[in-house]
Every structure is written in structure tokens, then in C-alpha cells.
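Residue numbers -16 to 627, in the working numbering, belong to the letters of the sequence shown in order.
All residues carry an ideal CB built from backbone N, CA and C; glycine is no exception.
Computed from a predicted model, the values in this text were never measured in an experiment.
Heads up, the thing below is written out as C-alpha cells.
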Amino acid sequence: MRMKIFAVLICIVGWGGPQIVVRADREPSATSRVADAIHPSAPDRVGGILGQRLDLWRRIRLWRVVKDPFLLDGFLHPPGTHAWQGEHVGKWLHAASLACGATGDAKLDGALRAVVAKLIAAQEDNGYLGTYAPKERFYAKVATGDPKSWDVWTERYAIYGLLSYCKLHDDPAALQACEEAGDLLLKTVGPPSGDVTRFGNHQGISAAVLLESIVMLYQQTGDARYLDFAKHIVHSIESNPDLRIAAAMRAGEDVTVSGHGKAYQLMAVLLGYVDLYRATGEKQYLETAVTAWERILAAHVNVAGGPWGYQVKSYTNQECFAPPQYFHPTNCVETCSTTTWIQLCLSLFDLTGEARYADAAEVSIFNQLMGAQSPNGKDWAYHSMLNMPNRGYDDAITCCASSGPRALELYARHLICEANDRLVVNSYVPGVAPLDGASGLSGHIVVQGRYPFAPECTMRLELRAPATFAVDFRLPAGATAMEMKINDTRQEPVRTESGFFRVQREWKPGDRVSLKFDFPLRARFQTASDGVRWVAFSWGPLALAQSLVKQTDEPQNVLIIEQESEDGSLWLTPERAAGNSPAPSADAIEELDTNAAATADAATAAVPSWRLKTPRKVIMVPYFMAGANGGGVRTMFPTRRTPL
Ligand SMILES: [Zn+2]
């Protein structure tokens, strides 16, 4: 059974680009028991630092990857040369399809079609869509399983990428390829007795990530066999005593337990649980994901929004969630984990409309994620730390470099969103967003300013006609207050249950909203695994860090603390203020060490910075910019109490 389940919208996107058919992000109602609260959509334009970073990926990294034979060689001439080589084309198709939908780039559209055609042509007659030699394939090993194999993982990403492309283009051939791959998996590890967790490392969690792709397949085909398959995968997970994610969450266990706490995979499986809740309305799936999300946020995310890991036991590795006492500023954050954390936050935000999920995504995108992207547009970091001697940017095609752009593209579709009965302003990044969706509004909204480098913005509603509706504004992560004026008249918005600030009125074409946020400097103290009290500083959603050309050139400063306080202004003083941006001192410019800050773009030319009061020489800049020239970054400082 194949159902036509998406509304197809004709959108004119980008500048000077051709018209292409773009599907709406909205969930297909035929396969959703639960409707999303939020409908993300691609803005017409993204400016500021996020726009710069999107542009770097779209102009440089995207093409560097698609021109590399490594992307498809494993499929065209199996076996591939690397165990998870096959994931990259799926990840590229996901990110590039979102980019194409946002820009309408005809050249990219052609590249997408060519990659999809080659990938589909490489599919075996039995539906296999991978890079392994025949004897090593998952269906050849069904009798024994194979915990070392990444073959199911590859299938998961091939299906994921093709289905992402199918959201851009209604392509029966691509959808059929996914169904054939899904059918082979269903036959091998589906009901009644198949067990996908017998494949993949970390107790099978690396194969259990298949769940999300199978729910997507159900959503796009309406074929109930895939829904049954997805439920069966959950049954396999919950029957596996080393995984049992829902049972572990119900029992109050931490996210360090299931699948060795492998962060990236665990969160990828949770994405599947959220989607399965959408498809079935069965609450245990959502409760599992929300409980895990809350535990991750409470104890496993650093000040930069990075889900950190640490190798506690021989069978775990540095990418596994670890008990909080193992925290250290040098602990590793895998960029795949950061990306998947952002995906999980945004998926829960779409579903529930709750601001807390958007807050967490904002911290992660502006700090950990963008810190992993080199401002040269080509390189990405695999592992990032709060304190590291070198950013570790690399041009290679790695899991992490393939994941990161997906987070950028997904986040860019969540800046200004429409809900069924209102507009939801989730970000104040400058740009232009269309109003033409579910709320019935018509026109554009224009956002100006230098957010997040300045704690303010102005918005102009270019409506085609007056309309009465509600607009929800999110208080930025790390902000304590918002001052709002509409057409120069002070407003007092009402706090909603979901954590937004709502204004309901008759809006007229040209109405202007001016917003000023209070971004306090915050100090965050934490005892690390070395027993030392470390401190990090943040300002609004931005974590701050010292940029180091060579960490060994700069001795680590110990901060003398009389009394701990959340008030970061006790230790930091503005060097280059946000907003009015006085000229920085010469030594501050010298120490900024950021390519991005040196660009001529007006939106980012004046990056705020701070100076430690003691020692005075230490300049703090946004974490993601520190060390961006390939130097080191120091986000946390050891502290010592004043001798009595
Ligand atoms: Zn990775």
C-alpha cells in the first residue's frame, strides 16, 4: 500500500533560483496519532553568525563531500574500505536535501538527483543497500548475529537519507528503494523472532538506531507492516537485558546504563521512540524519551551544550555517558552526539512546543556545534572539549563531519515557526521568514540585529492584511528578562504554560517589535573528577572561553575565589561591550584570534568580549570562536579559595 500523504507546496525559494517542488515539513496526518505543536519551515534568509555558518557548509563542505568518490564507492564496488563508510551518503542526503529545500539551488538539486540515482542503482536485487561483502552482510549472519558489524547502521542511514530526499521530491524510485531495503531488514530482524540488537556494538544499540528510519518509512508509505516492525524493534530493545531503555528510565537508572551509555546511539534510538509516539499515541514511548532527555540535561551536558562522555570501564569508550563524578573540562564531546542531542531537543520541541527543549538546542548550536565547525568552511572537529590544546579541525570525511551540517540545517528551520493558531519566535537571529502556513497568516517577518552577539533585535511584520493572532516569544537561554515594545509602546506579554511570552493582538502590516534581553554574566562552578572546583562563564546563550594559539604558551590560571557565586561579573569585566561596541583595546584584538570575527560581515564584526579581572591578560570570547584558527580553547578555570 502506498499512500499519497504529503501536501505538496510550490515555493519560490532563494534568490534567482528556479522554482522547485518543496514539501511542507508537516506531519502526514494519516500516519500520526499525535499532531506536532510546532511546524518548522525553511526561512527565506538566515543572516548573522548562523547564516555565515550555514553558508560555509552549503558553499564549501557540501561540495567537498559530494565530489569525493568515498561517498558512494562502497556501494558501487563493495566491500567498502571502512566499517561505517556507508553512513556518509545518508547523512549527506539529509543535510543537502534540507539545504536544497531552503535555497532552491538548481546545481545542488542536480547533484542530489545524481547521488540518489547512483545509490539506488547500487541496490542489490534482494533489497540490500550497503557496503559489505556478501558473506559479511547482516542477512548472511542472521544465525549468529554480529556485534562488530556496522551493516545495519549503514542501512539505517541509507534509508534515512533517501527518505529525507523524498520529503524534497516526490520520488517513487527512491521510496521504493527504501521499501525494498526495509523489507529485507523486516524479513531478517523483524517479527516474530528477529532481533536487531544481535548486530552492532555496545550491546546492539548501534543497530537499534534502525528504529527511527523504520518509523520514517511507515510515515512516508503508510504501510502498517513497518509500524509493526518498528514496535518489534522496541520489543527487541526492551527484551535485551543490556538495553531495556524504557525499563531503565522507569526504574530511575541513569543514561549511562543502556548500551554502555553510548551517547550518540542512545539519543538516536530516543529519536525513534519520539517518532513512534507520534505514530501510535502510546505514551510510554514519549515518557522514555522525555525522562532520558531530562537526565541528560541535568547531569551530562556541559556549559557549551555538549553531551560529554568518558571511558569508565574497558568496554565503554570516551563517547559513552559517564556518571557525573567523572566530569572534567577535558572530557570528550563527539560532534555526532552534539548533533543528535540537538535533533532530540528539536523533535521534542516540535512535538510539545515547550520552550525548555528549544533552550537546550540553542545553547548547543551556538557553542558546542558551531565550535566543532572550522570557520574555513571545510573542516570539522570529531571530538571537542571545553579545554583542549587544539580544536582538532580536519578535512576528512568522518561520522562527525557528516553529522554536524545536519544540525545547522535542522536548527535553521526552527527560527520562526508557525503553530496551528499562532506564530512562535524561537530565535532572534537576523533573517527573513515567510508567513504562509498553518496559522493562516500571509506575508513575511523580518528580523534585524546582531543576535546572539547583541542581546536585542527588532522585528517587522510585513503582513498582507491586518490579522488578529498570538505571537509567542522565547526568552533566550541564559537570559533573565525581556523588554518588549511594539511600535514604541511598552508591552507586558503573558507567560504561557509552555514557557513562552505571548502577545495576542490585531497585528497590522509594518508593525515593529523591539526586544531587549537581559544577558547576565554567569559563573558555573563544578567539581571535576580531579577533585578541583572548576568555573566556567556564560553570557546569555553563549559560553565564554579563552582563545589560545598554543595552550602550552599560556599557563593555566588558577582563579582565587573568596566565595562562590553565580554572578560572573565578580570575575569578568566587559572588554568590548555588546550592543554599542566600543573599540577594543589593541591587545584585545591581538588575543581575539578568530577568523570569523575578522570577517567584514556587519552582523558579526563586533563580537563582544570580556576580560578576567585577575589576571588581566585573559580575554574571553564566545566559546565557538575561541581557537578557531586551529589554536586551543580554555573554557573552564581551576579555582582556589582565598587562604583564611
Ligand atoms: Zn561521530
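Is residue 641 near ligand 1 - that is, is its Cβ less than 7 Å away from at least one heavy atom of it? In the structure displayed, the chain extends from -16 to 627; residue 641 sits before or after that span and is not available.
Residues with a Cβ closer than 7 Å to any heavy atom of ligand 1, in chain order? 247, 317, 318, 319, 365, 381, 382, 383, 386
Are the beta-carbon atoms belonging to residue 225 and residue 205 less than 8 Å from one another? Here residue 225 corresponds to residue number 242 of the sequence shown, with the count starting at 1. Here residue 205 corresponds to residue number 222 of the sequence shown, with the count starting at 1. No, they are not a contact pair.
Leaving out five residues on either side along the sequence, give the residues of the same chain with a beta carbon under 6 Å from the beta carbon of residue 381. The residue you call residue 381 lines up with position 398 of the sequence shown. Only 365 meet the Cβ criterion.
With three or more beta-carbon pairs closer than 8 Å as the criterion, would you say the region 101 to 109 touches the region 401 to 418? no
Does the Cβ of residue 566 have 16 or more other Cβ atoms within 10 Å, making it buried, or fewer, making it exposed? Residue numbering aside, residue 566 sits at position 583 when the sequence shown is read from its first letter. With a pLDDT of only 39 at residue 566, under the threshold of 50, the placement of this residue in the model should not be trusted; the figure read from the coordinates follows. Exposed is the call here.
Taking the continuous alpha helix (DSSP H) assigned at residue 628, which residues delimit it? Residue 628 cannot be examined here, being either before or after the span of the chain that is shown, -16 to 627.
Rounded to whole angstroms, what's the CA-CA distance from residue 235 to residue 305? Just pull it up for me. Residue 235 sits at position 252 when you count from the first residue of the sequence shown. Residue 305 sits at position 322 when you count from the first residue of the sequence shown. Using only the alpha carbons, I get a separation of about 16 Å.
Could you give the first and the last residue of the continuous alpha helix (DSSP H) run that contains residue 339? Residue 339 sits at position 356 when you count from the first residue of the sequence shown. Looking at the DSSP string, the run of the alpha helix (DSSP H) that includes residue 339 is 338 to 347.
Say whether the region 176 to 184 touches the region 144 to 154, bearing in mind that this needs 3 or more beta-carbon pairs closer than 8 Å, one atom from each stretch. no
Per the contact definition of three or more C-beta pairs closer than 8 Å, is the region 59 to 78 in contact with the region 445 to 458? In short, these stretches do not touch, since the Cβ pair count stays below three.
Whole angstroms are fine: how far does the CA of residue 322 sit from the CA of residue 119? For the purposes of this step, residue 119 is identified with residue 136 of the sequence shown, where counting begins at 1. For the purposes of this step, residue 322 is identified with residue 339 of the sequence shown, where counting begins at 1. Approximately 30 Å between the Cα atoms of the pair.
According to DSSP, is residue 113 part of a helix, a strand, or is it coil? Counted from its first residue, the sequence shown places residue 113 at position 130. Residue 113 falls in the coil class under three-state DSSP.
Along the chain, where does the alpha helix (DSSP H) that runs through residue 593 open and close? Reading the sequence shown from its first residue, position 610 is the one you call residue 593. That residue, residue 593, is in no alpha helix (DSSP H); its beta strand (DSSP E) goes 592 to 595.
Please classify residue 380: does DSSP put it in a helix, a strand, or coil? Locating residue 380 in the sequence shown gives position 397, where the first residue counts as 1. Here residue 380 sits in coil by DSSP.
Looking only at C-alpha atoms, which of 138, 498, 435 sits nearest to residue 161? One-based indexing of the sequence shown puts residue 161 at position 178. The residue with the shortest Cα to Cα distance from residue 161 is 138.
Would you check if the distance between the CB atom of residue 456 and the CB atom of residue 476 is smaller than 8 Å? By one-based count along the sequence shown, residue 456 stands at place 473. By one-based count along the sequence shown, residue 476 stands at place 493. Taking 8 Å as the Cβ cut-off, residue 456 and residue 476 qualify as a contacting pair.
Report the rounded CA-to-CA distance for residue 587 versus residue 36, giving the unit in angstroms. To locate residue 587, count along the sequence shown from 1; it is residue 604. To locate residue 36, count along the sequence shown from 1; it is residue 53. Confidence in residue 587 is poor, its pLDDT being 49 and thus under 50, which makes the residue's placement unreliable; the coordinate value appears in the next sentence. So the alpha carbons of these two residues sit roughly 11 Å apart.
What number of angstroms, rounded off, separates the C-alpha of residue 525 from the C-alpha of residue 515? On the sequence shown, residue 525 is found 542 positions in, with the first residue counted as 1. On the sequence shown, residue 515 is found 532 positions in, with the first residue counted as 1. When rounded, the distance between both Cα atoms is 24 Å.
Taking Cβ positions, are residue 253 and residue 199 nearer each other than 8 Å? Translated into positions along the sequence shown, residue 253 becomes position 270. Translated into positions along the sequence shown, residue 199 becomes position 216. For residue 253 and residue 199, no; Cβs fall outside 8 Å.
Taking residue 370 and residue 607 to be in contact with their CB atoms under 8 Å, please state how far apart those CB atoms are, rounded to whole angstroms. For the purposes of this step, residue 370 is taken as the residue at position 387 of the sequence shown. For the purposes of this step, residue 607 is taken as the residue at position 624 of the sequence shown. Wrong, their Cβ atoms sit about 15 Å apart, outside the cutoff.
Pair every Cβ in the region 203 to 222 with every Cβ in the region 163 to 179, then say whether three or more of these pairs are closer than 8 Å. Contact between the region 203 to 222 and the region 163 to 179 is present: three or more C-beta pairs spanning the two stretches fall below 8 Å.
Exposed or buried, what is residue 72 when buried is set at 16 or more other beta-carbons lying within 10 Å of its beta-carbon? Taking the sequence shown and counting its residues from 1, one reaches residue 72 at position 89. By the neighbour-count rule (16 or more Cβ atoms within 10 Å), residue 72 is buried.
Considering residue 15, what are the terminal residues of the alpha helix (DSSP H) in which it resides? Residue 15 sits at position 32 when you count from the first residue of the sequence shown. Counting along the chain, residue 15 falls outside any alpha helix (DSSP H), and DSSP gives it neither H nor E.
Compute the distance between the beta-carbons of residue 549 and residue 500, then report whether it is under 8 Å. By one-based count along the sequence shown, residue 549 stands at place 566. By one-based count along the sequence shown, residue 500 stands at place 517. No, the pair does not count as a contact, with Cβ atoms beyond the cut-off.
If you drop the 5 nearest sequence neighbours on each side, which residues of the same chain put their C-beta closer than 6 Å to that of residue 458? To locate residue 458, count along the sequence shown from 1; it is residue 475. Cβ neighbours of residue 458 beyond the five flanking positions: 465.
Using the DSSP secondary-structure output, state which residues sit across from residue 499 in a beta bridge. Indexing the sequence shown from 1 puts residue 499 at position 516. Looking at the DSSP assignment, residue 499 forms a beta bridge with 439, 466.
Just the C-alpha distance for residue 28 and residue 124, rounded to the nearest angstrom, thanks. Start at 1 with the first residue of the sequence shown, and residue 28 comes out as number 45. Start at 1 with the first residue of the sequence shown, and residue 124 comes out as number 141. Those two C-alpha atoms are separated by around 49 Å.
So the beta strand (DSSP E) residue 517 belongs to, where does it begin and stop? Residue mapping note: residue 517 aligns to position 534 of the sequence shown, counting from 1. Where residue 517 is concerned, the enclosing beta strand (DSSP E) stretches over 516 to 522.
For residue 150, list the residues DSSP reports as bridge partners. Counted from its first residue, the sequence shown places residue 150 at position 167. Beta-bridge pairing links residue 150 to no other residue.
If you pair each beta-carbon of the region 392 to 410 with each one of the region 337 to 355, do three or more pairs fall below 8 Å? Counting C-beta pairs with one atom in each stretch, the region 392 to 410 and the region 337 to 355 have three or more that are closer than 8 Å, which means they touch.
Secondary structure at residue 580, three-state DSSP: helix, strand or coil? Within the sequence shown, residue 580 is the residue found at index 597, counting from 1. Confidence at residue 580 is low in this model, with a pLDDT of 36, below 50, so the placement of that residue is unreliable and no value is reported for it.
Pull the bridge partners of residue 426 from the DSSP assignment, please. Counting from one through the sequence shown, the residue named residue 426 turns up at place 443. DSSP output for residue 426 lists 418, 446 as bridge partner(s).
Find out if the Cβ-Cβ distance for the pair residue 49, residue 75 is shorter than 8 Å. Along the sequence shown, read from residue 1 onward, the residue named residue 49 stands at position 66. Along the sequence shown, read from residue 1 onward, the residue named residue 75 stands at position 92. Yes; because the gap between Cβ atoms is below 8 Å, this pair is in contact.
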